[in-house]
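Numbering (this note's numbering), first residue to last: 389 to 672.
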């Protein structure tokens, strides 16, 4: 029997180490876009199926630049996923967004330089709207329940996506502050673009681990990030256990699932059979 789920979670490998997850199984999915970051993990929370993707691989061996977003999203969609919860660590660019807080951004600015952020190309052109990149219908549910859990959380804000893997210079950090951005990370923009093309509801949760390096007395380091992230992981696990079973009751008013309608520019009769087969799950 083929396993399926309507909710997918992308994040660190520790995310699926949740006591409440039952019937765990590893899944290998072959995709026309190459290998996924690692084997996917299927399980159930309160009877609700969910699929986890370790974004950087279980050994954390994949750079932000090299994450196979197309393969990951294709695999999730092929397994019936409609909603993707994206969990990632971020640096804060605002005093009030303190380490250990959760941020549910509503916009992003993409400053990455070296990544392919689309399923298309090779003779196929499509342009989707990105004016509202994240699915706020589901983000609001997560925000409301995070507050109920007593997690210090913030709704809205701009996520700026840097290339990495290095952290910011002080000049870059202060520049991002002046632009009014809220948090900085290395994954969400690219991941979101590909998820949107796949017609998925993309729901980012930004876990604040540090103040980047704009504060004179507080500079980011990997040790600080890991220390705070470990605390954040316990809170995000609690949140996932509560919200995932509730997602089935959400009636989204967004256009996430139909975003490809009218977005394909290249006529299908001008697309090769090989490309049609490769993109069938995406373009229908």
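Beta carbons are placed, not taken as given, at the ideal position from N, Cα and C, and that holds for glycine.
Requested in this report: Kindly give me the distance between the Cβ atoms of residue 479 and residue 597, rounded to whole angstroms, as I take these residues to be in contact under 8 Å.
Outcome: Numbered from 1 along the chain shown, position 91 holds the residue referred to as residue 479. Numbered from 1 along the chain shown, position 209 holds the residue referred to as residue 597. Cβ-Cβ separation between residue 479 and residue 597: approximately 7 Å, consistent with a contact (criterion under 8 Å).
Query - Bridge-paired residues (DSSP) for residue 474 - result: Your numbering for residue 474 matches position 86 in the chain shown. Looking at the DSSP assignment, residue 474 forms a beta bridge with 398, 592.
Requested in this report: Can you say whether residue 458 is buried or exposed, counting buried as having 16 or more other CB atoms within 10 angstroms of its CB?
Outcome: For the purposes of this step, residue 458 is identified with residue 70 of the chain shown, where counting begins at 1. Its Cβ being crowded by 16 or more others within 10 Å, residue 458 is buried.
Query - Same chain, Cβ closer than 7 Å to residue 659, neighbours up to 5 away in sequence not counted - result: For the purposes of this step, residue 659 is identified with residue 271 of the chain shown, where counting begins at 1. Contacts found: 511, 512.
Query raised in the report: For the stretch 548-627, which segments carrying the beta strand (DSSP E) assignment without a break, of at least 3 residues, lie completely within its bounds, in sequence order?
Result: 571-573, 589-598
Query - With 16 other Cβ atoms within 10 Å as the buried cut-off, status of residue 441 - result: Working through the chain shown from its first residue, we reach residue 441 at position 53. Buried, since its Cβ has 16 or more Cβ neighbours within 10 Å.
**Report entry** Cβ separation of residue 493 and residue 547, assumed to be a contact under 8 Å, to the nearest whole Å
**Finding:** Reading the chain shown from its first residue, position 105 is the one you call residue 493. Reading the chain shown from its first residue, position 159 is the one you call residue 547. Going by Cβ atoms, the distance from residue 493 to residue 547 rounds to 4 Å, so yes, they are a contact pair.
Query raised in the report: Just how far apart, CA to CA, sit residue 419 and residue 605?
Result: Here residue 419 corresponds to residue number 31 of the chain shown, with the count starting at 1. Here residue 605 corresponds to residue number 217 of the chain shown, with the count starting at 1. Answer to the nearest angstrom: the Cα atoms are 47 Å apart.
Query - Validate contact between the stretch 463-474 and the stretch 579-591 using beta carbons, cut 8 Å, 3 pairs - result: yes
Requested in this report: Could you name the residues of the same chain whose beta carbon sits closer than 7 Å to that of residue 482, not counting the 5 residues immediately before and after it, in chain order?
Outcome: Within the chain shown, numbered from 1, the residue matching residue 482 stands at position 94. Closer than 7 Å at the Cβ level, and outside the excluded window around residue 482, lie 570.
Query - residue 552 beta carbon less than 8 Å from that of residue 437 - result: Here residue 437 is taken as the residue at index 49 of the chain shown, counted from 1. Here residue 552 is taken as the residue at index 164 of the chain shown, counted from 1. No; because the gap between Cβ atoms is not below 8 Å, this pair is not in contact.
Query raised in the report: Would the beta-carbon of residue 692 fall within 8 Å of that of residue 428?
Result: Nothing about residue 692 can be read from this structure; the chain reaches only from 389 to 672.
Query raised in the report: Which residues in the same chain have their Cβ closer than 8 Å to the Cβ of residue 412, if we skip the five residues on either side of it in sequence?
Result: If you number the chain shown from 1, residue 412 lands on position 24. Take residue 412, set aside five residues on each side of it, and the residues of its chain with a beta-carbon closer than 8 Å to its own are 404, 429, 430, 431, in chain order.
Report task. Quick one: using the 10 Å Cβ neighbour count with 16 as the cut-off for buried, is residue 653 buried or exposed? Result -> Counted from its first residue, the chain shown places residue 653 at position 265. Classification of residue 653: exposed, given that the 10 Å Cβ count is below 16.
Requested in this report: Note down, in chain order, each residue of its chain lying with its Cβ closer than 6 Å to the Cβ of residue 376, except the 5 sequence neighbours on either side.
Outcome: Residue 376 cannot be examined here, being either before or after the span of the chain that is shown, 389 to 672.
Query raised in the report: Hey, residue 595 and residue 617 are a contact pair by Cβ (cut 8 Å); roughly how many whole angstroms apart?
Result: Here the question's residue 595 lines up with position 207 in the chain shown. Here the question's residue 617 lines up with position 229 in the chain shown. Residue 595 to residue 617, Cβ: 6 Å. Contact.
Requested in this report: Please confirm whether residue 466 and residue 669 have their CB atoms less than 8 Å apart.
Outcome: Reading the chain shown from its first residue, position 78 is the one you call residue 466. Reading the chain shown from its first residue, position 281 is the one you call residue 669. Yes. Within cutoff.
Report task. Express the C-alpha separation of residue 523 and residue 640 in angstroms, rounding to a whole number. Result -> Looking up residue 640 in the chain shown gives position 252. Looking up residue 523 in the chain shown gives position 135. If I take the Cα positions, the gap works out to 8 Å.
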